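Structure record follows, encoded as C-alpha cells.
2 protein chains.
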Amino acid sequence: LVSSARSEGITAFTADALGENHEVLRLFADLGLRTARRFEGPQVRCTIHLDQDDAYLAAVEARGRAAGVASLLPLLRPSAVAVVGAGRTPGSVGRAVLNHLRTGGFTGRLFAVNPRVESVLGVPSHPSVAALPMTPDLVVVAVPAAGVPAVAEECGKAGVRALVVVTAGLDRMQARALLTACRTHGMRLVGPNCLGVSNTDPELNLDATFAAGHPRPGTAGIAVQSGGVGIALLDGLSRLGIGVSSFASLGDKFDVSGNDMLQWWESDGRTDLALLHLESFGNPRAFSRTARRVTRRIPVLTVDAGRTDAGRKAAASHTAAAATRTMTRQALFTQAGITATRSVGELLETAALLHSQPLPEGPRVAVVTNAGGAGVLAADACAEAGLVLPPFTPAVIDDLLAVLPDGATVGNPVDTTAVVSEEQLAECVDRLARCSGVDAVVVALVPTAVAAATGDDLVRALTTAPGRRARPVLAVRLEQDRSVELMPAADGGTIPSYAEPQAAARALAHAARRAAWLAQPAGTVPALTGVESERAREVVEEYLAFHLEGGWLDPRTCAELLACYDVPQLPWAWAECEDDAVLAADRLRGFDGRVVMKAHWPGLLHKT
Amino acid sequence: LVSSARSEGITAFTADALGENHEVLRLFADLGLRTARRFEGPQVRCTIHLDQDDAYLAAVEARGRAAGVASLLPLLRPSAVAVVGAGRTPGSVGRAVLNHLRTGGFTGRLFAVNPRVESVLGVPSHPSVAALPMTPDLVVVAVPAAGVPAVAEECGKAGVRALVVVTAGLDRMQARALLTACRTHGMRLVGPNCLGVSNTDPELNLDATFAAGHPRPGTAGIAVQSGGVGIALLDGLSRLGIGVSSFASLGDKFDVSGNDMLQWWESDGRTDLALLHLESFGNPRAFSRTARRVTRRIPVLTVDAGRTDAGRKAAASHTAAAATRTMTRQALFTQAGITATRSVGELLETAALLHSQPLPEGPRVAVVTNAGGAGVLAADACAEAGLVLPPFTPAVIDDLLAVLPDGATVGNPVDTTAVVSEEQLAECVDRLARCSGVDAVVVALVPTAVAAATGDDLVRALTTAPGRRARPVLAVRLEQDRSVELMPAADGGTIPSYAEPQAAARALAHAARRAAWLAQPAGTVPALTGVESERAREVVEEYLAFHLEGGWLDPRTCAELLACYDVPQLPWAWAECEDDAVLAADRLRGFDGRVVMKAHWPGLLHKT
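The listed protein sequences correspond, in order, to chains S and R. 376 is the number that the UniProt record's numbering gives to position 376 of the first sequence; each next residue is one higher, with no gaps. 601 is the number that the UniProt record's numbering gives to position 601 of the second sequence; each next residue is one higher, with no gaps.
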C-alpha cells in the first residue's frame, strides 16, 4: 500500500484506531515510518508520513532516540520507588523485590503499598499509591494478575511514569487493560512476567529484582526476556569482574524492548558491552537500525535461543509470543553486527575476551603450549572455529628457538616442553604477539610438578607482560575450575583464561568476525525504484502451484523474477535447437564476437 | 599374501628379522595372527600361523590377555621402585617424580639412583641400579636422552621388569637401543616422553608422575598419550569425586598401549569407567577387539583428538607418530562402542553422568524448569544433541498440574514458575521419572530470591529423592561455577549438575547411544570366503584412472565390485534398447511374473 501510494505521489496516510487496539497501533509503529498520533477520546488518530528518505529517517530516529532515552529515566533513574504487593509472607515476589531494593542500598525514597500493614521489612507502607507522601517515578507491581489493571490505572492517575510488572499469567483482557492504562497515562512499562530492573550506578544503587544476589557494578548492560537467563548473566558477569551497568528483565515485552535498552546503553556513559537474550522481536526493522548503529560503538552479544523446533515451541509457550524464525533472526544478527552465541556460557566466554583484549585483526592464531597434547586439542579447536594456524617464517622459528629450552618444537603449535621457565615462556609469547604474521596468541598451559618445584609460575608469564599487548592473548588451562576467568594482569588489565580450548577458540572467532564487520563500511539503505513485488509474488506462486515442495526455477522464470526487482542482467536469449542457438549467438555477441552458452536440462543442475 | 597362502592351503609363514628391526616386527604383530618368536642371536625367527578361526582367535586372545595383564604387574603393582636421574636441582623432572612417589606415600621400597649423592629428598641414593640393595620391579628413567639406552640395558641386566621413561627427545638410534634393551630383557616399557604412572590402590599408593598434585583414589582408569591431558583428567576426576583407580601416561607408546590398560582395568576389580586419550593407534585391530569386549562391561570414553588438519599436524609433531585418520578413528570408536567426545570438558561431563546415573532407555527427555527461558535453552540443547522432547499424555499433564503451583505450564518443558516450592518440584520430578513415556529428566534451575526467602532449596528437591530413581535425572544450574559437579544425594548416590544445558544434553545423548549400543547383540567376526581384494582393487583403479576425482560407478561396474566380495545380488541384466529390455524381463522375471526396471543415464543420479 505504501509503495503504491508513494508511486501515486501520496505523501501521508491518516488512520483512526481505538486506543486499546494495540495490535493495529503496533502495526503502524512497525512500518518504520514517521507516525504522528493524537488521542481523541477512546480513538487515536494516526498520521503516517510517506515522504521519507534515508537521511530523513536517520534524523527522525535520532530525535526519537533522545525522546526514547529520556522516557526511560523514570524507569532506570527513579528518585522514588514504590512496591505494590509486598506482603508479610516470606516467599512472595513483591516482598522479595522490596527486600532486594532495601539491601541493595537504593539511594532514593522507597515505599511499600499495602493497606493491611504499616510497614514491611522496615519500609513504611501506605494503603494506596495515591496515599503515598510523594509520587514515585517507578512502581513495581507484584499483585495477583486480576489486580494488575486497577493498580496500573491508579498509578497512571497518580502521575507515576514507569511500571515494572513482575506478575505473570495475565489473561487477554488484563493484558489489554494494563497496556491501555500505560498508553493513556504515558507510562513506560517493563514486563509483565519479568524479574525486574537494576541500575548499579553508585549514585542510585537501584536493584528492583528478585534475583538471588546483587550484581557487581560494572560496564555490561543486560536485557533479557527470561529472568532465569538474566540471573545467570548477572551472576556470570559479577563473577568475571566485568560487572553490570544496568539490567532489565523484559518478560513479555509489552513496551520496553531490547531496542530501548540498546539506546540507553549507547548514551549512559557507563556501558561498554551489551548482552541481549531475546526470544522474539516485536519490531525487527527498528531493532536492526538501532543495533547496526550501537554495534559500531560497543560489542552487542546475544544468546540465539529457540534455534530448534523444541526450543521455539518452548519459547512460544514461555513468552506467549510467536518466536522469530531462525533464519530471520540469524540474518538480523549478521546484518546488525551482533555477536550471536549458542549458549549462556559461550556468551560469557566471548564477553570476557571482548572486555579484556584488543580485537584480532584477522583469523591467524599462534598456539603455544607446555604440553603437546594440549596443543593438539587447541589446534583442533581453532581449526573447527574457523581460525587458521599459519606456519611461521624461518626467522620467527629461529627467534623462538633462541629463547626456548632444548627439545622445544617450534611448529604451530609451539611445544615449549614441560621444563620451560616463566621467563622463557613470557619471551616466547611476547615475540609471537609482536609477530606480523599472527593476529592472536593462545597459550595452553598445564600445571606440572617441574614448574611447582622451581617456583616458576607459567600463568604469571602471561599476566606480567610488559605493557598491554597490541594483539589478543588468551590462556587455556585444562585444569581450570570455571569455564572462563579474567586473570588480573600487572598492567591493570586482565587476561581471559579458559578451561577448554574450544571456548577460547570460539570466543576468538567471534572477536575476529566482529573485527571484520567493523572493517566494512557502514552502508546505507538505498531507496529502491522499479520494484514489482506483486508481480514477483505471482511468479513464485505460479511456480509453487505446480511444484508444491519448491525446486529450481528454469532460466526464463528466474530472469523474470530478477527483472521484478530490477536486478541488471546481461542480454540473453532462449534457444531450443542448434539453429536457434546460432541465430541467438549472432544477435547477442559482443564486439569481441564472444557469447556464453549455458545448457539446460530440466532437473539436471550440475553439468560438466 | 595371507589370503593367497590360505587359499593354497599354506598354514604358516616363517620369517627371519633382525631383533632391532622393530618396524618389521611390529608389522607382524599388527597382522592380528598368532605369531611365535624365537631369538637366535641378533635375529628373531617369527612363525606366523594362518590356520585360525574366530573361536581360535578368541582363545589365543584370552591367553594373551592373561599374560599381558600379568606382565603389567611390575609396572602397576611394583613392590620396589627406583628413580634414575633424580638430582638435587629443583625443577628436574626426576626429582619431581621421586618427590611425588614420596609424598604420595608409596608403601613399597623406594630408591634413588645417582652416583653423586647419598640421598635425595631423604630417599637413599645408590650409584647404579646394580648397586641397589634389592632389584626394583619398576625403574623410572629421567636421565638425558643420550643416557637412556645405557640405563635401560643396565636395568635389564639387573632383572628390572618394567621401565617408565619420562625423558623426551630420544633420537632414532637412542629409541631403537631402548626398545632392544626392553625386548631382549623382557621389560615392559611406558613412554618415552611421558608423565608417568599411578595406582591409587591404598595397599600401594603408587604415584610415579610429575603432575602437580596427587589424584584422589577412585574408580576411573585413565590412559593418555599426552601428559597435559592426563593432568587435566586427573584433576577433573579428583574434583568430581569420581577419583582415579590407575593412570598411565603413555607418551610415544613404544610398548604399553591403551589396549594394555583396557585389559588391566577389565580385571583389576577397582575400575568402573575407562578414559582414554589417544592420538594414534599402533594396532587398531587388537585395540578394537579388546575395546568391543571391555565396553560391554564398563563405559570407555575418549577425547577424539586430531580431528582437523591443524590438530593432526600438531599430533604428528607431538608424538612423532602419524596420527590415525579421522574416518578410521571414528569408525573404530563406533564399532567398539567407545564414547567419543570432542573435548576434555565433554569427557568429564559425560563421565559424571555415566558414573552417577542409570542409562536412559531411549532419547526421550522431559525438561522441567523454574524459569521459562532456561527451559527454552534446555529444549534447544536437547534437540541439537539428538534427543527428543515428547509431548505428555493428558493423564500426565493432569497429574503434574495437580502438584504444581498456579500459573505453571505443563508442556514439555514444564515451567513450574519461580514460586514453586521444594516439595512441589520434588513431586513433579518424581512423577516424570516414573512416567513411561520419558527416558530421562533434565531439571533446569535458577536461584531466585523467592526460594531464598522461604528457605526452599530447589536443588535439594533433586537430591532428597526417595531412593535411587530408575531413570537418569540431570540438573542444569546456569549460575553454577564449574561446568559439571556431582551433588551428593540423600541415598548415598550423586546427581550430576551442569552449568550449561548443552553439556547436560550432550552427556545424555552419549548415555543414550551407549544404551542403544549395549542393546545390540555382540556379534562375531565371520570368516569370509571368496574375497577377491585384488580384483576389486583393479576395478577401482581402472575407474579412478579415468575419473581422477572419483564419482559414481555405473551399475555394471558396481555389480562387478560387489561380486569381488561375494555380496549376494538378485539376477539382473543390462539392456540398451526397448527390445533388449523386454527380452531381459522375460528371462529374469520371478514366478509371479514381476521384474524391476531401473533407468540409467550417465551422471544423472536422481530420477523421479
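Glycine is no exception: its CB is placed at the ideal position from the N, C-alpha and C atoms. Keep in mind that this is a model prediction, so the values were computed, not measured.
Proximal chain R residues relative to residue i, where beta-carbon distance stays under 7 Å
{"i": "Phe210 of chain S", "result": "Thr448, Ala449 and Val450"}
{"i": "Gln225 of chain S", "result": "Gly373"}
{"i": "Leu604 of chain S", "result": "Leu604"}
Coil, strand or helix - residue i by DSSP
{"i": "Cys558 of chain S", "result": "helix"}
{"i": "Thr350 of chain R", "result": "helix"}
{"i": "Ile231 of chain S", "result": "helix"}
{"i": "Ala15 of chain S", "result": "strand"}
{"i": "Val596 of chain R", "result": "coil"}
{"i": "Met487 of chain S", "result": "strand"}
{"i": "Phe106 of chain S", "result": "coil"}
{"i": "Leu474 of chain S", "result": "strand"}
{"i": "Asn99 of chain S", "result": "helix"}
{"i": "Ile10 of chain R", "result": "coil"}
{"i": "His277 of chain R", "result": "strand"}
{"i": "Ser125 of chain R", "result": "strand"}
Beta carbon proximity, residue i to chain S, threshold 8 Å
{"i": "Arg102 of chain R", "result": "no"}
{"i": "Gln502 of chain R", "result": "yes"}
{"i": "Arg77 of chain R", "result": "no"}
{"i": "Ala322 of chain R", "result": "Below a pLDDT of 50, predicted positions are generally treated as unreliable, and Ala322 of chain R, at 49, falls in that range; the measurement from the model is reported next regardless. With 8 Å as the cut-off, Ala322 of chain R does not count as an interface residue toward chain S."}
{"i": "Glu427 of chain R", "result": "no"}
{"i": "Val123 of chain R", "result": "no"}
{"i": "Ser497 of chain R", "result": "no"}
Own chain partners of residue i with C-beta closer than 6 Å, once the 5 adjacent residues on each side are dropped
{"i": "Ala158 of chain R", "result": "Val129, Ala130 and Thr135"}
{"i": "Ala321 of chain R", "result": "Confidence is the limiting factor: at Ala321 of chain R the pLDDT is only 49, short of 50, which leaves the residue's position unreliable, though a coordinate-based value still follows. Cβ within range, chain order: Ser280."}
Where the alpha helix (DSSP H) through residue i begins and ends
{"i": "Asn259 of chain R", "result": "Gly258 to Ser267"}
{"i": "Arg329 of chain S", "result": "Thr326 to Ala336"}
{"i": "Tyr543 of chain S", "result": "Ser533 to Phe546"}
{"i": "His510 of chain R", "result": "Pro501 to Ala519"}
{"i": "Gln424 of chain R", "result": "Glu422 to Arg434"}
{"i": "Cys155 of chain S", "result": "Val148 to Ala158"}
Close beta carbons around residue i, own chain, < 8 Å, minus the five adjacent residues each side
{"i": "Val429 of chain R", "result": "Val368, Val441, Val443, Ala461, Leu462, Ala465 and Val473"}
{"i": "Ile397 of chain R", "result": "Val410"}
{"i": "Leu237 of chain R", "result": "Pro215, Arg216, Gly218, Ala220, Ile222, Gly243, Val244, Leu275, Leu348 and Ala351"}
Extent of the continuous beta strand (DSSP E) run through residue i
{"i": "Ala340 of chain R", "result": "Thr339 to Thr341"}
{"i": "Asp579 of chain R", "result": "No beta strand (DSSP E) holds Asp579 of chain R; the alpha helix (DSSP H) holding it covers Glu578 to Leu588."}
{"i": "Thr35 of chain R", "result": "Thr35 to Glu40"}
{"i": "Pro217 of chain S", "result": "Pro217 to Val224"}
{"i": "Ile397 of chain R", "result": "That residue, Ile397 of chain R, is in no beta strand (DSSP E); its alpha helix (DSSP H) goes Pro394 to Val403."}
{"i": "Cys46 of chain R", "result": "Gln43 to His49"}
Own chain, CB closer than 7 Å to residue i, minus 5 neighbours either side, in chain order
{"i": "Arg88 of chain S", "result": "Val117 and Val120"}
{"i": "Glu361 of chain R", "result": "Asp439 and Ala515"}
{"i": "Cys155 of chain S", "result": "Val129, Val139, Leu163 and Met187"}
{"i": "Trp601 of chain S", "result": "none"}
{"i": "Glu153 of chain R", "result": "Ala181"}
is_contact[residue i, chain R] using C-beta, thresh 8 Å
{"i": "Asp592 of chain S", "result": "no"}
{"i": "Ala175 of chain S", "result": "no"}
{"i": "Asp16 of chain S", "result": "no"}
{"i": "Asp380 of chain S", "result": "yes"}
{"i": "Ser483 of chain S", "result": "yes"}
{"i": "Pro149 of chain S", "result": "no"}
{"i": "Pro90 of chain S", "result": "yes"}
Per-residue contacts from residue i into chain R (C-beta, under 9 Å)
{"i": "Ser245 of chain S", "result": "Near Ser245 of chain S there are no residues of chain R at all, since even the closest Cβ is about 20 Å away, more than 9 Å."}
Within chain S, the residues that residue i reaches when beta carbons sit closer than 8 Å
{"i": "Ile231 of chain R", "result": "Ala371, Val446, Pro447, Thr448, Leu478 and Glu479"}
{"i": "Thr95 of chain R", "result": "In the sequence as displayed, the identity of residue 95 of chain R is Arg instead of Thr. In chain order: Ala453."}
{"i": "Glu279 of chain R", "result": "Gly373 and Val376"}
Per-residue contacts from residue i into chain S (C-beta, under 7 Å)
{"i": "Gly551 of chain R", "result": "Under the 7 Å cutoff, chain S gives no residues; its nearest Cβ is about 10 Å from Gly551 of chain R."}
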